Each structure stands twice: as structure tokens, then as C-alpha cells.
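Peer 1: In our numbering, the protein residues as written are 5 to 153. My questions all concern the structure below.
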């Protein structure tokens with residue numbers, strides 16, 4: 005029996021107080037950089053999905069109230085080369101954006117089957133580097149969304 009991905013996902017923007025953004029290079033598409041992303045599992049809350057994906061992809065464990073739900077959703081067409089992962093006829097995904105502020109840049113533990121490399125960039129450069137328009141837009145919103153002391 006084939007288990008299809010649920011067309012609901014999270015985007016977790018990991019960044020520092022100084023608005024440096026963590027990007028991950030996809031293992032299945034070298035040269036494609038992104039923030040932490042992943043599909044919701046059946047019965048999982050969006051926050052649990054964000055927490056799970058963050059831990060799986062970076063080794064970063066969070067406690068309550070560290071992840072901020074931006075209350076931002078993006079609906080987009082699933083790239084043709086990834087549609088086979090979803091049930092027949094599913095063409096669109098709804099992505100929910102979360103943010104995680106770290107005090108400073110840090111090394112993360114990558115999931116080797118998912119990512120090849122990590123990179124910290126200032127937010128403007130990070131927005132220009134990611135392949136996804138929704139990821140780029142979320143990064144461009146960082147200055148308005150993050151309260152700095």
C-alpha cells in the first residue's frame with residue numbers, strides 16, 4: 005500500500021536575533037536551498053509538525069513557546085517532479101509558516117538523506133538564494149516580524 009504525503013506542510017524559518025537565516029541544501033536537488041520544511045503527518049498538529057521537522061532536519065529541539073506560528077499560509081502548486089509523492093490528482097499544497105529565533109548562528113546536525121549542506125546568510129541574501137517564492141517572501145518579512153531589543 006502506497007502512503008501519500010498530506011498536502012499540508014510547514015516552513016520553519018530559523019534565524020538569529022540579527023536576522024541571519026539558516027538555509028539547507030536539498031540532497032535530492034543540489035543547488036536548491038531552503039529553510040526547514042516538511043509535510044504534516046496524519047493526526048499531527050501544525051506545531052508538532054514544525055517541531056518534528058526542525059529536530060529531524062537540524063537536530064534543534066524546541067520547548068513550548070519557542071516556535072512562533074506566524075499565522076501565515078501559502079497555497080501553491082506542487083512542482084511536477086514532486087507530485088508522485090501525493091495522491092493522484094493532488095496538485096496544490098498549503099504551507100504554514102513558523103519562526104524560530106536563536107541568539108546566534110550555530111552548527112546544526114543535518115539529516116544526510118535530506119540535506120547536503122547548511123549555510124547562514126543575512127536575510128536579504130538568504131531571500132535571494134532560496135528556490136521557493138514562499139520561502140523568499142517569508143524571509144523578506146523577517147524585519148517586520150522580529151522584535152529586536
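Every residue, glycine too, gets a C-beta built ideally from N, C-alpha and C. Quick caveat, the model's predicted, so the values are computed rather than measured.
Report buried or exposed for residue 135, applying the criterion of at least 16 other Cβ atoms within 10 angstroms of its Cβ.
Peer 2: For this step, residue 135 is matched to residue 131 along the chain shown. Exposed.
Peer 1: Below 8 Å, can you find three or more Cβ-Cβ pairs linking the stretch 13-20 to the stretch 103-112?
Peer 2: yes
Peer 1: Return yes when the Cβ of residue 34 is within less than 8 Å of the Cβ of residue 125, no when it is not.
Peer 2: Counting from one through the chain shown, the residue named residue 125 turns up at place 121. Counting from one through the chain shown, the residue named residue 34 turns up at place 30. No, the pair does not count as a contact, with Cβ atoms beyond the cut-off.
Peer 1: My understanding is that residue 38 touches residue 27, with C-beta atoms under 8 Å, so please give their C-beta distance in whole angstroms.
Peer 2: Here the question's residue 38 lines up with position 34 in the chain shown. Here the question's residue 27 lines up with position 23 in the chain shown. That pair is a contact at about 7 Å.
Peer 1: Pull up the distance between the alpha-carbon of residue 64 and that of residue 112, whole angstroms please.
Peer 2: Along the chain shown, one-based indexing puts residue 64 at 60. Along the chain shown, one-based indexing puts residue 112 at 108. When rounded, the distance between both Cα atoms is 7 Å.
Peer 1: With residue 13 and residue 49 assumed to form a contact (beta carbons below 8 Å), what rounded beta-carbon distance in angstroms separates them?
Peer 2: Mapped onto the chain shown, residue 13 falls at position 9. Mapped onto the chain shown, residue 49 falls at position 45. The Cβ separation is near 13 Å, so there is no contact.
Peer 1: Would you tell me roughly how many angstroms separate the C-alpha atoms of residue 11 and residue 31, rounded to the nearest one?
Peer 2: For the purposes of this step, residue 11 is taken as the residue at position 7 of the chain shown. For the purposes of this step, residue 31 is taken as the residue at position 27 of the chain shown. One C-alpha to the other measures close to 21 Å.
Peer 1: For the stretch 63-81 against the stretch 90-97, do three or more pairs of beta-carbon atoms, one drawn from each stretch, fall closer than 8 Å, so that the two count as touching?
Peer 2: Yes, the stretch 63-81 is in contact with the stretch 90-97.
Peer 1: Residues bridged to residue 79 by DSSP?
Peer 2: As a working note, residue 79 is residue 75 in the chain shown. Paired residues: 98.
Peer 1: What separation, rounded to the nearest whole angstrom, lies between the Cα atoms of residue 153 and residue 110?
Peer 2: Walking along the chain shown from the start, residue 153 turns up at place 149. Walking along the chain shown from the start, residue 110 turns up at place 106. No answer about residue 153 holds up, because its pLDDT of 45 lies below 50 and its placement is not dependable.
Peer 1: For residue 55, which residues from the same chain have a beta carbon less than 7 Å from its beta carbon, with the 5 sequence-adjacent residues on both sides left out?
Peer 2: One-based indexing of the chain shown puts residue 55 at position 51. Once the five neighbours on either side are set aside, the close Cβ partners of residue 55 are 66 and 71.
Peer 1: For residue 7, does the count of other Cβ atoms within 10 angstroms reach 16, so buried, or fall short, so exposed?
Peer 2: Position 3 of the chain shown, counted from the first residue, corresponds to residue 7. Residue 7 should be labelled exposed.
Peer 1: May I ask which residues mark the beginning and end of the beta strand (DSSP E) holding residue 121?
Peer 2: Within the chain shown, the letter at position 117 stands for residue 121. Note, residue 121: beta strand (DSSP E), 119-126.
Peer 1: Quick one: Cα of residue 61 to Cα of residue 84, how far?
Peer 2: Start at 1 with the first residue of the chain shown, and residue 61 comes out as number 57. Start at 1 with the first residue of the chain shown, and residue 84 comes out as number 80. Cα-Cα distance, rounded: 23 Å.
Peer 1: Rounded to whole angstroms, how far is the Cβ of residue 57 from the Cβ of residue 73, which I believe are closer than 8 Å?
Peer 2: Translated into positions along the chain shown, residue 57 becomes position 53. Translated into positions along the chain shown, residue 73 becomes position 69. Between residue 73 and residue 57 the Cβ distance is about 14 Å, and since that is not below 8 Å, they are no contact.
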